[in-house]
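Visitor:
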Amino acid sequence: MSEPVTRRDLLNNVARGSVLAALGGGAIFLVQKAHGQVVWQVDASRCTNSRLGDSTNVEACKLCTTECVVALSAVRAVNEHSKCGRCNICPAYFNITSAVDEKGLPSEKQCPRDAITRKPIGKADPEDPANNFYDYVIDEDKCDGCGKCVMKCKEPLGLGSIVLRVRYDRCVNCNKCAISRSCPKDAMIQVPVEEALRPPEIRHNPE
Amino acid sequence: MQYRQIREIGGKGSVPGQFASSLRSLAVDAHGQVFAAGDAGITVFDPAGRVKRRWATSRPPLSVAVAKDGTIYAGELRQIEIFSSAGKLVNTWRDETLLGRVTAIGFVKDGVLAGDAADRAIRHFDAAGKFRNNIGKDNPVNGLLIPNGVVDFAVDAHDVIHAANPGRHRVERYRATGELLGHIGRFHGTDPAGFGGCCNPTNVAVGGSVYVTEKGGPRAKAYDFDGNLQAVIAAAEAFDPNCKNMSIAVDGRGVVYVADTIKLNILVFEPVAA
Chain R
1 MSEPVTRRDL LNNVARGSVL AALGGGAIFL VQKAHGQVVW QVDASRCTNS RLGDSTNVEA
61 CKLCTTECVV ALSAVRAVNE HSKCGRCNIC PAYFNITSAV DEKGLPSEKQ CPRDAITRKP
121 IGKADPEDPA NNFYDYVIDE DKCDGCGKCV MKCKEPLGLG SIVLRVRYDR CVNCNKCAIS
181 RSCPKDAMIQ VPVEEALRPP EIRHNPE
Chain G
1001 MQYRQIREIG GKGSVPGQFA SSLRSLAVDA HGQVFAAGDA GITVFDPAGR VKRRWATSRP
1061 PLSVAVAKDG TIYAGELRQI EIFSSAGKLV NTWRDETLLG RVTAIGFVKD GVLAGDAADR
1121 AIRHFDAAGK FRNNIGKDNP VNGLLIPNGV VDFAVDAHDV IHAANPGRHR VERYRATGEL
1181 LGHIGRFHGT DPAGFGGCCN PTNVAVGGSV YVTEKGGPRA KAYDFDGNLQ AVIAAAEAFD
1241 PNCKNMSIAV DGRGVVYVAD TIKLNILVFE PVAA
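Going down the list, the protein sequences come from chains R and G. Counting from 1, one number per residue, gives the positions in the first sequence under the working numbering. Counting from 1001, one number per residue, gives the positions in the second sequence under the working numbering.
1) Hey, is the segment 148-156 of chain R in contact with the segment 178-188 of chain R, meaning 3+ C-beta pairs nearer than 8 Å?
2) Are the beta-carbon atoms of G:V1212 and G:N1203 separated by less than 8 Å?
3) Answer with yes or no whether the minimum CB distance from G:F1187 to chain R is below 8 Å.
4) Are at least three pairs of beta-carbons, each pair with one atom in the segment 51-71 of chain R and one in the segment 1014-1033 of chain G, less than 8 Å apart?
5) Spatial neighbours of R:D135 within its chain, please: C-beta separation below 7 Å, excluding the five flanking residues on both sides.
6) Give me the Cα-Cα distance between G:P1061 and G:P1192, rounded to the nearest whole angstrom.
7) For chain R, check one thing: does any of its Cβ atoms lie closer than 8 Å to the Cβ of G:L1264?
8) What does G:V1141 touch in chain R if you count any residue whose Cβ is under 7 Å from its own?
9) Return the chain-ordered list of same chain residues with a C-beta closer than 8 Å to the C-beta of G:A1127, the five sequence neighbours on each side being excluded.
10) Roughly how many angstroms lie between the CA atoms of G:G1100 and G:Y1174, to the nearest whole one?
11) Which value, in whole angstroms, describes the spacing of the CA atoms of G:V1232 and G:D1152?
12) For R:T97, does the count of other Cβ atoms within 10 angstroms reach 16, so buried, or fall short, so exposed?
13) Along the segment 1096-1122 of chain G, where does the CB come closer than 7 Å to a CB of chain R? Name the residues.
14) Rounded to whole angstroms, how far is the Cβ of G:V1206 from the Cβ of G:D1138, which I believe are closer than 8 Å?
15) Counting contacts by CB-CB distance shorter than 8 Å, is G:R1024 in contact with chain R?
16) Tell me which residues share the same chain as G:R1059 and place their Cβ nearer than 6 Å to its Cβ, disregarding the 5 neighbours each side in the sequence.
17) How would you call G:T1177, buried or exposed, if buried means at least 16 neighbouring beta carbons within 10 angstroms?
18) Find the nearest neighbour of G:A1056 within the set G:E1172, G:P1218, G:I1082, judged by alpha-carbon distance.
19) By Cβ distance, which residues of its chain are closer than 7 Å to R:N173, with the 5 residues on each side in sequence left out?
20) Hey, how far is the Cα of G:E1270 from the Cα of G:A1222?
21) By how many angstroms is the C-alpha of G:G1196 removed from the C-alpha of R:E102?
22) For a test of the three-state rule: what should DSSP assign to R:K148, helix, strand or coil?
23) Could you check whether R:D43 and R:I258 sit closer than 8 Å to each other, using their CB atoms as the reference points?
24) Can you find the residues in the same chain that come closer than 6 Å, C-beta to C-beta, to R:E201, ignoring five residues on each side of it along the sequence?
25) Against chain G, which members of the segment 87-120 of chain R pass a CB distance test of less than 9 Å?
26) Where G:S1025 and G:A1036 are concerned, what is the direct C-alpha to C-alpha distance, given to the nearest angstrom?
27) What's the call for G:K1244, buried or exposed, on a 16-neighbour Cβ count within 10 Å?
28) If you compare alpha carbons, which of R:D144, R:E80, R:I162, R:Y93 is closest to R:L116?
29) Along chain G, which residues have their Cβ under 9 Å away from the Cβ of R:D186?
30) Counting only Cβ pairs nearer than 8 Å, list the residues of chain R close to G:N1242.
31) What does a CB cutoff of less than 6 Å around G:R1053 pick up in its chain, not counting 5 residues either side in sequence?
32) Measure from the C-beta of G:R1054 to each C-beta in chain R and report whether the shortest distance is under 8 Å.
33) Output the boundary residues of the alpha helix (DSSP H) element that contains R:T66.
34) Taking the alpha-carbon positions, what's the R:T65 to R:R165 distance?
35) By DSSP's criteria, R:V193 is part of a beta bridge. Which residues make up the other side?
36) Mind listing the chain G neighbours of R:L159? Cutoff is C-beta to C-beta under 7 Å, in chain order.
Right, dumping it as C-alpha cells:
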C-alpha cells in the first residue's frame, strides 16, 4: 500500500519541480552527480551585482563573463519569476535613462546581447498598455552573464528578482574555478550537489 | 517654490524618539504633532520634534493616520487598531480578507479608507467599520500596480483620494465611491518632472499641493493639481540611497515630513520664497 502524500511532500515536490525547471537543462547534469560532491554556484548575497547596499549607479562587475573558461561563461542571468514585479518599465530590460519614445517607453534596451524578451501577460489594452503586467524571459543561449541586468534589477531600483547562477549543463566544474579566483567578493562558492538543487530561500531559512 | 530642511527627528537607535529597525509611516495632526509608525508601536512627537508619548501596537504597525477628532488609527496585518489621543486602545477592526496588509489609512466625510497592499486596493468603510466598496480595483489588472508592496494614498479637502499607482507612474484621483476622476504623472528617466525607475511614486500626501516620494534614487517632490512640477523638495543626496517606500506627510502650513526608511529619521522641510 502506498504511503499517503502529505501537504509537506506535495510542497516539496512542487518546490523541487520549480527548481528543476529553473535549473533548465542543467538539472539532469546535477542530479547525476553523487551525493557529497560539490559544485560551484554564485552566492547572490555576496555578488557585487546583486548584493544589497551597493549604489545603483555602480557599473556591473563582468568577471563572470571575462574569467570563465567556458565560451560566453557558465554563469547566466536568471529571473526568479516569483519575485519579479512584472513591471511595465523594467530597469533590467530598458535603459531607463534613455530618451522616451512615442509610446512613453525608454527607447534603448539594457542588455547588450538583446537576451531579454518582454511580453504582456494576457492581452494588453492597446489604448493603455501601461496598465498591464509584463513577463521578462532571459534567453540563456544569448546571455553571457555580464550582470548588467542583475545590477539594474536589484533593490531599491528593482526588486532583485534577477540573479547570476551557474548553469550546470555548461559548467565544467573546474577544480579551481577561474571566476572564484578573480572574484573580489568571494561570491563564487562551492556547495554540495543536494544544496544546489534547493531553492535559495530554503537554503537560507532551514526549518 | 523651494524648500529647505529645518529639522531632523528620530534616527536609528534605542533611546526614546529613535527607531531600532523600521520607520514605515507618518501622519501630522492639526496641531502639528507628528505620528510615526515604526518598530512595534506609535511614537508621537511635538511640533519641535520632542517625543511626547509612545505606545505599542499588538502587531507591528504598517501605517498611521489621525482623524479630525484626534483618534489615531494604526494599520497592521489583517487589522486596524484604533487608539484615543492618549494612546489607549478603543477598538480593533479585524478582517482577514479586506485588511490583508494595511499600508495606508485615510478619512473621508463619513468613512474610513484603508490601503490593502495584499489585494492592491483601497477599502472604503463607514465610520463603524462596515465595508462599503473598493477603490482602485475596477480595472483590467484588478488593482493598483504596486511592485513595491505598498498601497499609499491621501485625501484632499474635497474628499478626493489621490492614490499612488507606481507601476503606471501616476497619482490617480478617485471618489470614495471608486470612480476614477483622472491622474497626474508620466514616466521619465531623467526629467525631474517625470517619475523614474520601474515604479514610482511610491508614496503620496496632499495639502496645498500633491507631494510624492520616489525610490532609486530617492527624492521628494511637489506638484500642482494639474500635474506640473512645483519643486524638488529634497533630492537623492538628502536620503540614504537604498531608501524606498518613504512615507510623506504635510501639515497645514505646508511643512513637509519625509521618512528615511534606512536612517530611520524624519526630515522636515519648509517652503521658502524663491
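Glycine is no exception: its CB is placed at the ideal position from the N, C-alpha and C atoms.
Guide: From the atom records:
1) The segment 148-156 of chain R is not in contact with the segment 178-188 of chain R.
2) What you label residue 1212 of chain G is simply residue 212 of the second sequence in a count that begins at 1. What you label residue 1203 of chain G is simply residue 203 of the second sequence in a count that begins at 1. Going by C-beta atoms, G:V1212 is nearer than 8 Å to G:N1203.
3) Within the second sequence, the letter at position 187 stands for residue 1187 of chain G. So, interface residue.
4) With a cut-off of 8 Å on Cβ pairs, the segment 51-71 of chain R is not in contact with the segment 1014-1033 of chain G, counting fewer than three such pairs.
5) The count along the first sequence starts at 1 and reaches residue 135 of chain R at position 135. Closer than 7 Å at Cβ, skipping near neighbours: R86, K119, I121.
6) Stepping through the second sequence from its first residue, residue 1061 of chain G is reached at position 61. Stepping through the second sequence from its first residue, residue 1192 of chain G is reached at position 192. Using only the alpha carbons, I get a separation of about 32 Å.
7) Residue numbering aside, residue 1264 of chain G sits at position 264 when the second sequence is read from its first letter. So, not an interface residue.
8) For the purposes of this step, residue 1141 of chain G is taken as residue 141 along the second sequence, with counting starting at 1. Here the neighbours are N131, N132, F133.
9) For the purposes of this step, residue 1127 of chain G is taken as residue 127 along the second sequence, with counting starting at 1. Hits under 8 Å: D1110, G1111, V1112.
10) Here residue 1100 of chain G corresponds to residue number 100 of the second sequence, with the count starting at 1. Here residue 1174 of chain G corresponds to residue number 174 of the second sequence, with the count starting at 1. Distance from the CA of G:G1100 to the CA of G:Y1174, rounded to the nearest whole angstrom, comes to 21 Å.
11) Along the second sequence, read from residue 1 onward, the residue named residue 1232 of chain G stands at position 232. Along the second sequence, read from residue 1 onward, the residue named residue 1152 of chain G stands at position 152. Computed Cα separation, rounded: 20 Å.
12) Translated into positions along the first sequence, residue 97 of chain R becomes position 97. Exposed, since its Cβ has fewer than 16 Cβ neighbours within 10 Å.
13) none
14) Sequence index remark: in the second sequence, residue 1206 of chain G carries index 206 (1-based). Sequence index remark: in the second sequence, residue 1138 of chain G carries index 138 (1-based). Wrong, their Cβ atoms sit about 22 Å apart, outside the cutoff.
15) By one-based count along the second sequence, residue 1024 of chain G stands at place 24. Answer no: the Cβ-Cβ gap between G:R1024 and chain R never drops below 8 Å.
16) Within the second sequence, the letter at position 59 stands for residue 1059 of chain G. So the qualifying residues of the chain are E1076, L1077.
17) Here residue 1177 of chain G corresponds to residue number 177 of the second sequence, with the count starting at 1. G:T1177 should be labelled exposed.
18) Along the second sequence, read from residue 1 onward, the residue named residue 1056 of chain G stands at position 56. The residue with the shortest Cα to Cα distance from G:A1056 is G:I1082.
19) Here residue 173 of chain R refers to the residue found at position 173 when the first sequence is read from its first residue. V39, W40, listed in sequence order.
20) Residue mapping note: residue 1270 of chain G aligns to position 270 of the second sequence, counting from 1. Residue mapping note: residue 1222 of chain G aligns to position 222 of the second sequence, counting from 1. Going by the C-alpha atoms only, they are around 12 Å apart.
21) Within the first sequence, numbered from 1, the residue matching residue 102 of chain R stands at position 102. Within the second sequence, numbered from 1, the residue matching residue 1196 of chain G stands at position 196. Straight-line Cα distance between these residues: approximately 17 Å.
22) Within the first sequence, the letter at position 148 stands for residue 148 of chain R. In this structure, R:K148 counts as helix in the three-state DSSP scheme.
23) This structure gives no information on residue 258 of chain R, because the portion of chain R shown stretches from 1 to 207.
24) Counting from 1 along the first sequence, the entry for residue 201 of chain R is found at position 201. With a pLDDT of only 48 at R:E201, under the threshold of 50, the placement of this residue in the model should not be trusted; the figure read from the coordinates follows. Listed in chain order, the non-local C-beta contacts of R:E201 below 6 Å within the same chain number zero, local neighbours out to five positions each way being set aside.
25) C87, N88, I89, C90, P91, A92, F94, N95, I96, T97, S98, A99, V100, G104, L105, P106
26) Counting from 1 along the second sequence, the entry for residue 1025 of chain G is found at position 25. Counting from 1 along the second sequence, the entry for residue 1036 of chain G is found at position 36. Cα to Cα, the separation comes out at about 6 Å.
27) Looking up residue 1244 of chain G in the second sequence gives position 244. Around the Cβ of G:K1244, a 10 Å sphere holds 16 or more other Cβ atoms; the residue is buried.
28) Within the first sequence, residue 116 of chain R is the residue found at index 116, counting from 1. A small correction: the amino acid at residue 116 of chain R is Ile; Leu does not occupy that position in the sequence shown. When only C-alpha atoms are compared, the closest one is R:Y93.
29) Against the first sequence, residue 186 of chain R aligns to sequence position 186. Under the 9 Å cutoff, chain G gives no residues; its nearest Cβ is about 22 Å from R:D186.
30) Taking the second sequence and counting its residues from 1, one reaches residue 1242 of chain G at position 242. Under the 8 Å cutoff, chain R gives L52, G53, E155, P156.
31) The residue labelled residue 1053 of chain G in the question sits at position 53 within the second sequence. Same-chain partners within the cutoff: V1044, G1087.
32) Within the second sequence, residue 1054 of chain G is the residue found at index 54, counting from 1. No, its Cβ sits nowhere closer than 8 Å to a Cβ of chain R.
33) One-based indexing of the first sequence puts residue 66 of chain R at position 66. From DSSP, the alpha helix (DSSP H) with R:T66 extends over 63-67.
34) The sequence position of residue 65 of chain R within the first sequence is 65, counting from 1. The sequence position of residue 165 of chain R within the first sequence is 165, counting from 1. Looking at the two C-alpha atoms, the distance is approximately 12 Å.
35) If you number the first sequence from 1, residue 193 of chain R lands on position 193. DSSP output for R:V193 lists no bridge partner at all.
36) As a working mapping, residue 159 of chain R is identified with position 159 in the first sequence. What R:L159 touches in chain G: P1147.
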